[in-house]
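In the order they appear, the protein sequences are chains Y and G.
Read in order, the letters of the first sequence are residues 41 to 260 in this note's numbering.
Read in order, the letters of the second sequence are residues 4 to 350 in this note's numbering.
The C-beta atom is built at its ideal place from N, Cα and C for all residues, glycine as well.
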Amino acid sequence: MAIPGQQELTQLENFMEGIWKQNPVFVMLLGLCPALAVTVSAVNALAMGAATTFVLLGSTLLVSLMRNFVPKEVRIATYIVIIATFVTIVDYLIAAISLELYEALGAFIQLIVVNCMILGRAEAHASRNAPIRALTNALGMGLGFTIGLFALGSVREILGSGTLFGVSLFGPDFQPWVVMVLPPGGFFVLGAWLLVFNWWRNRTPAATGTLKPAEGHSHG
Amino acid sequence: MTAQTPQIQLRTSPHMKRGVTVERIMLNVVLALLPIVLFSIWQYGLSALALIVTVTATCVVTERLFNRASRSASTLSDWSAVITGLLLALTLPPAFPLWMGVVAGVAAIGLGKVLFGGIGFNVFNPALVGRAFVQAAFPVAITTWVPAFSPTRFSEFVPTTFTVPLMMPPDISEWARQALDGFTGATPLARWKFENELTPVQDFLTGAVTASAGETSAILILLGGFYLAARKFLDWRIPVAVLGSAAVLAWAFHLHDPGHFPEPAFVLLSGGLMLGAVFMATDMATSPVTPLGVWLYGILIGVVTVSIRYFGGLTEGIMYAILFANALVPLIDQYTQPKVFGQRRSS
Chain Y
41 MAIPGQQELT QLENFMEGIW KQNPVFVMLL GLCPALAVTV SAVNALAMGA ATTFVLLGST
101 LLVSLMRNFV PKEVRIATYI VIIATFVTIV DYLIAAISLE LYEALGAFIQ LIVVNCMILG
161 RAEAHASRNA PIRALTNALG MGLGFTIGLF ALGSVREILG SGTLFGVSLF GPDFQPWVVM
221 VLPPGGFFVL GAWLLVFNWW RNRTPAATGT LKPAEGHSHG
Chain G
4 MTAQTPQIQL RTSPHMKRGV TVERIMLNVV LALLPIVLFS IWQYGLSALA LIVTVTATCV
64 VTERLFNRAS RSASTLSDWS AVITGLLLAL TLPPAFPLWM GVVAGVAAIG LGKVLFGGIG
124 FNVFNPALVG RAFVQAAFPV AITTWVPAFS PTRFSEFVPT TFTVPLMMPP DISEWARQAL
184 DGFTGATPLA RWKFENELTP VQDFLTGAVT ASAGETSAIL ILLGGFYLAA RKFLDWRIPV
244 AVLGSAAVLA WAFHLHDPGH FPEPAFVLLS GGLMLGAVFM ATDMATSPVT PLGVWLYGIL
304 IGVVTVSIRY FGGLTEGIMY AILFANALVP LIDQYTQPKV FGQRRSS
């Protein structure tokens, strides 16, 4: 990243940024709207993560390629058009692959267009880095987002329905925790994960490096 | 957890010091709760005993584990975890599966208390947070009631008590029918709301109603309240405001349409209103500190409770009413600051 005073990251570090140090869900708290809304099951979470990663990769590539041609004044509008293009592609793709999944994810596929994690990446990273570098970072971010969503979705599916990927884990007598598939469940599980991660970070101060848990904006 | 001790700005003397510690207050609350607990066990037998012991132990153990995780000193000696556990158990149906009671206890202490920084820092009443969590998670189990004074209550457990953890509790309607003839499995509030059938007041006074473990002993709850109020361990204005506003509102509705709306006595005695008004709304950490604010807070709880009962989807509203009022406490405190005499407005 082109931040003055910061050492250039190696490609591996650049890739790992999104998975651990700047994980979109657990550290930056970006893109919480889909993270809370569609993670009632592991499948939904993975599909949402994959769709977001696809859009992120596509938009990052284009934004990075066009970074020297786009006037500063209209850059946000340009990013949105680029992102919206890929969202439209992924919207049709999911509808073609699985109508069931398409209906489960609902409006949240179209809403990827306002996912602040993607716009944040375009603004903060893709528009300042060469394509390969930007793509590596975007792939890490996309994977990190998917991991975050899966962490939420798997816990909520196990407790809320007693299944994982639709496979029953506890037999037919399982008592579902209804709250887990309701919106409050999303907040509870996210909160619990944040608790675990922050506790882990505080336990091992050496491993945190220079980046503190960032304060993110919880919209999008 | 690095809870910051709030700096208290002391005014000039004279100061009167009362040798009351948190431990003493809490111990007195436990004492005031004990008759209710014993009555509940006498009413519902072994299952209620097992539930109360399990939930209380869970709360205590959870608090200790969080103490350890945050490497702070043990806070068990202040008895507050015990109170949370007892109150939480008293708000649950007596035949609530024990494993769900454990979930409720962990949620109460974990979500409701230690995450905010422990005793004195919690925004919501911890016992009600625990109950709200299991109400949202297990809506069927928390509305499965058993008859009071069943003849076999001291010789056998209700089948749901020892449900295998994570599994669904068995259907007990057949068991309950055998245990007590003509048992309907509905609380007085539910019977009023859905069948328009009123439970006679004397049933409430003798405890012969279907309810949560600690809800039926109105007299004992009031006695405990009087004891704590007399020793100034609770603010008498809160229960008076809660029960008074609920009674006035219920009375107004009753006058308007006596056929549909019950008498104020029914509203006061049924459900958890009494227990909530005396022991939960008065939680020192989650109620206002200003004289006017206390009244507002109590009236708000009473009005919301009756509104939920009459017009909401739920049969009982005291839990959400208190949690809602808890959330408004900082606001109430801010807008009801008393005038400081001898000072001029600086602006």
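Assuming residue i and residue j make a contact with CB atoms under 8 Å, what is their CB distance in whole Å?
i	j	result
residue 119(Y)	residue 159(Y)	6 Å
residue 97(Y)	residue 179(Y)	6 Å
residue 213(G)	residue 150(G)	6 Å
residue 38(G)	residue 226(G)	7 Å
residue 362(G)	residue 283(G)	The requested residue 362(G) does not occur in the structure, where chain G is confined to residues 4 to 350.
residue 137(G)	residue 117(G)	That pair is no contact at about 18 Å.
residue 249(G)	residue 276(G)	6 Å
residue 88(G)	residue 120(G)	Not a contact, Cβ separation roughly 19 Å.
residue 28(G)	residue 40(G)	Actually they do not touch by this definition, with Cβ atoms about 18 Å apart.
residue 148(Y)	residue 88(Y)	7 Å
residue 57(G)	residue 217(G)	That belief does not hold up - the Cβ atoms of residue 57(G) and residue 217(G) are roughly 15 Å apart, past 8 Å.
List the endpoints of the continuous alpha helix (DSSP H) containing residue i.
i	result
residue 101(G)	101-109
residue 160(Y)	156-164
residue 36(Y)	With chain Y covering 41 to 260 only, the question about residue 36(Y) has no answer from this structure.
residue 198(G)	191-198
residue 233(Y)	223-243
residue 247(G)	240-259
residue 322(G)	321-338
residue 298(G)	294-314
residue 173(Y)	171-201
residue 89(Y)	82-105
residue 346(G)	Careful: residue 346(G) lies outside any alpha helix (DSSP H) and carries neither H nor E.
residue 218(G)	First-last for residue 218(G): undefined, no H or E at that position.
residue 79(Y)	Segment: none, residue 79(Y) is in no alpha helix (DSSP H) and carries neither H nor E.
residue 212(Y)	It is not in any alpha helix (DSSP H) - residue 212(Y) carries neither H nor E in the DSSP assignment.
residue 38(G)	25-47
residue 279(G)	From DSSP, residue 279(G) is part of no alpha helix (DSSP H); its letter is neither H nor E.
residue 48(Y)	Segment: none, residue 48(Y) is in no alpha helix (DSSP H) and carries neither H nor E.
residue 174(G)	Taken as a continuous stretch (DSSP letters only), residue 174(G) belongs to no alpha helix (DSSP H), as it is neither H nor E.
residue 291(G)	That residue, residue 291(G), is in no alpha helix (DSSP H); it is neither H nor E in DSSP.
residue 271(G)	267-272
residue 219(Y)	Unbroken run through residue 219(Y): none, as it is neither H nor E.
Pick out whichever of the options has its Cα sitting closest to the Cα of residue i.
i	options	result
residue 156(Y)	92(Y), 190(Y), 200(Y), 54(Y)	92(Y)
residue 343(G)	293(G), 302(G), 273(G)	293(G)
residue 210(G)	228(G), 191(G), 197(G)	191(G)
residue 201(Y)	278(G), 204(G), 163(G), 170(G)	170(G)
residue 224(Y)	216(G), 199(G), 114(G)	114(G)
residue 163(G)	157(G), 60(G), 152(G), 179(G)	179(G)
residue 102(G)	78(G), 145(G), 76(G), 27(G)	145(G)
residue 193(Y)	76(Y), 58(Y), 116(Y), 152(Y)	76(Y)
residue 127(Y)	95(Y), 116(Y), 136(Y)	95(Y)
residue 32(G)	127(G), 71(G), 228(G), 315(G)	228(G)
residue 299(G)	334(G), 88(G), 63(G)	334(G)
residue 232(Y)	125(Y), 195(Y), 101(Y)	195(Y)
residue 133(G)	291(G), 254(G), 92(G), 155(G)	92(G)
residue 78(Y)	62(Y), 222(Y), 235(Y)	222(Y)
residue 194(G)	312(G), 29(G), 61(G), 74(G)	312(G)
residue 251(G)	270(G), 262(G), 237(G), 235(G)	270(G)
residue 168(Y)	133(Y), 154(Y), 109(Y)	109(Y)
residue 44(G)	140(G), 235(G), 215(G)	215(G)
residue 309(G)	296(G), 325(G), 297(G)	325(G)
residue 217(Y)	141(G), 345(G), 172(G)	141(G)
residue 281(G)	172(G), 153(G), 224(G)	224(G)
residue 200(G)	166(G), 157(G), 267(G), 263(G)	263(G)
residue 110(G)	77(G), 82(G), 64(G)	64(G)
residue 156(G)	42(G), 233(G), 254(G), 46(G)	46(G)
residue 84(G)	61(G), 167(G), 258(G)	61(G)
residue 236(Y)	214(Y), 204(Y), 191(Y)	191(Y)
Would you say residue i lies against chain B (beta-carbon separation less than 7 Å)?
i	result
residue 225(G)	Structure shown: chain B not included; protein chains present are Y and G.
Tell me the start and end of each unbroken beta strand (DSSP E) in the stretch 106-160 of chain G that is at least 3 residues and wholly inside, in chain order.
-> None, since the stretch 106-160 of chain G contains no complete beta strand (DSSP E) of that length.
Residues from the stretch 126-155 of chain G in contact with chain Y, defined by Cβ distance under 8 Å = In summary, the residues of the stretch 126-155 of chain G whose CB is separated from some CB of chain Y by less than 8 Å are 136, 139, 140, 141, 142, 144, in the order they occur in the chain.
What residues in the stretch 201-219 of chain Y have a beta carbon less than 7 Å from any beta carbon of chain G?
-> The stretch 201-219 of chain Y vs chain G, Cβ under 7 Å: 210, 213, 214, 215, 217, 218, 219.
Near-chain G residues of the stretch 148-164 of chain Y (beta-carbon distance less than 9 Å), N- to C-terminal order = With the criterion set as a beta carbon lying under 9 Å from some beta carbon of chain G, the stretch 148-164 of chain Y has no members that meet it.
Would you list, in chain order, the members of the stretch 315-345 of chain G that have their beta-carbon closer than 8 Å to a beta-carbon of chain Y?
-> Here the close residues number zero.
Members of the stretch 68-96 of chain Y near chain G, C-beta cut-off 8 Å | For the stretch 68-96 of chain Y, no residue has a beta-carbon sitting nearer than 8 Å to a beta-carbon of chain G.
Note down, one range per segment and in chain order, each beta strand (DSSP E) of at least 3 residues found wholly within the stretch 71-102 of chain G.
-> List check, beta strand (DSSP E) in window: nothing returned.
Please list the residues of the stretch 74-99 of chain G that have a C-beta atom closer than 8 Å to any C-beta atom in chain Y, keeping them in chain order.
-> For the stretch 74-99 of chain G, there are no residues whose beta carbon sits under 8 Å from a beta carbon of chain Y.
Contact list for the stretch 168-183 of chain G against chain Y, Cβ threshold 8 Å | Contacts with chain Y (Cβ-Cβ distance below 8 Å) from the stretch 168-183 of chain G involve 169, 170, 171, 172, listed in chain order.
Interface positions of the stretch 181-192 of chain Y facing chain G (Cβ-Cβ less than 9 Å), listed along the chain | Taking 9 Å as the Cβ-Cβ cut-off against chain G, none of the residues of the stretch 181-192 of chain Y qualify.
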